[in-house]
Amino acid sequence: MARTLTRPDRPDPPDTVPELPEVETIRRQLSPVWSGRRIVDAWTYGTPKFAAAVDAIGARVESIGRRGKYLMVELDDDRQLVIHLGMTGVLRVGSGAEPDPYLRASWSLDNGTIVEFQDVRRFGRVAVVARDDHSSLPTLHELGPEPLSDDFTAASLYRSLSASHRAIKTQLLSQRPVAGVGNIYADEALWHARVHPAARSITRPQATRLHTAIREVLAAAVERRGTTLRDYRTFSGERGDNQHALVAYGQGDAPCARCARALRTITLDARTTTFCATCQRLPRERRFDGA
DNA sequence: CGCAGCGCCTGAAGGC
DNA sequence: TGCCTTCAGGCGCTGC
């Protein structure tokens, strides 16, 4: 059965990992359900990564924010309930229907609503921390600027990327130059900016293009409520629409939308990476021969 | 200290 | 038919 895949000769795509647009879409829908409500009870599946869910019992939720891919549930006792969805995490209103073997945590609110956290592969995580004390969550602690805020500039991106000689895409996935970019939107932004994912240095014009591309790709994906390749659903259970806008991720061997030559898929630092070898050139002095 | 490498985890799919 | 292997991937941790 063909799902939303554009390549019928390939197997189903992997689980869609919630990146910034998906988490932001969930946040917008979750916020009116949870904000203002007191957490009167909670349940957790018995592993340390989700155990902190019960620490939020008794607190009232003031608002729900987001930093990168992290949901920040602001509690009225100067603490934050931090939720990371990992790869397969889903938040939803509990239906109380069939028992779900993949339920990892749930929170009961003072109006009877139950917020459930399902995560098949348990790559997600829950933490309750003192407000803005993220020392127990290294990636959040070191998280780069929000891409759609004024803190994220072409200059800041250039500076950050120039401080390391790791591959540009690897740096983007580290969450330090900018928050919230994962494998899908990294491939998309690099394609739009015509920057080679394995380049180990970047020019100012490239950084400026990449800065613009990251913002435009993410903003457009938020408008489309995220990318649903397979499993991702919004909080209200709908699919996103951004999968139809993808030009690089998952499009290996398809013609480049800019030059019509076949896109290439490589493995870069253990991440599937699709790009156009014609449009996305390496700097001449550091040509990657792949040998 | 930076970063490469690995482990976590499970469903899907291919090989035999 | 069914068992075994491989793959996907964000992030935390270890150790060089």
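Numbering-wise (our numbering), the first sequence opens with residue 284 and increments by one. The C-beta atom is built at its ideal place from N, Cα and C for all residues, glycine as well.
When the alpha-carbon of residue 531 is set against those of 516, 519, 498, 472, the nearest one is in 472. Here DSSP, grouped into helix, strand and coil, assigns residue 357 to strand. When only Cα atoms are considered, residue 443 and residue 379 end up about 47 Å apart. In the same chain as residue 447, and ignoring 5 residues on each side of it, the C-beta atoms closer than 8 Å to its own belong to 454, in chain order. About 7 Å separates the CB atoms of residue 368 and residue 306; that is less than 8 Å, so the two are in contact.
Shown here for residue 429: same chain residues with a beta carbon closer than 6 Å to its own, the five before and five after excluded, namely 462 in chain order. In the displayed model, residue 485 falls within coil according to three-state DSSP, outside both helix and strand. Along the length of the region 394–478, whole alpha helix (DSSP H) runs at least 4 residues long occupy 421–424, 437–445, 451–456, 466–476, reported in chain order. Distance check between residue 515 and each of 358, 564, 338, 401 places 401 closest, using alpha-carbon atoms only.
In the same chain as residue 425, and ignoring 5 residues on each side of it, the C-beta atoms closer than 8 Å to its own belong to 458, 459, in chain order.
By the Cβ rule, the region 306–322 counts as touching the region 387–400, because three or more pairs are nearer than 8 Å.
By the 16-neighbour rule on beta-carbons within 10 angstroms, residue 302 is buried. Listed in chain order, the non-local C-beta contacts of residue 526 below 7 Å within the same chain comprise 287, 510, 511, 512, local neighbours out to five positions each way being set aside. Just so you know, the alpha carbons of residue 482 and residue 495 end up roughly 18 Å apart. Residue 366 places its beta carbon 8 Å or farther from that of residue 376. Of the other Cβ atoms in all chains shown, fewer than 16 fall within 10 Å of the Cβ of residue 519; this residue is therefore exposed.
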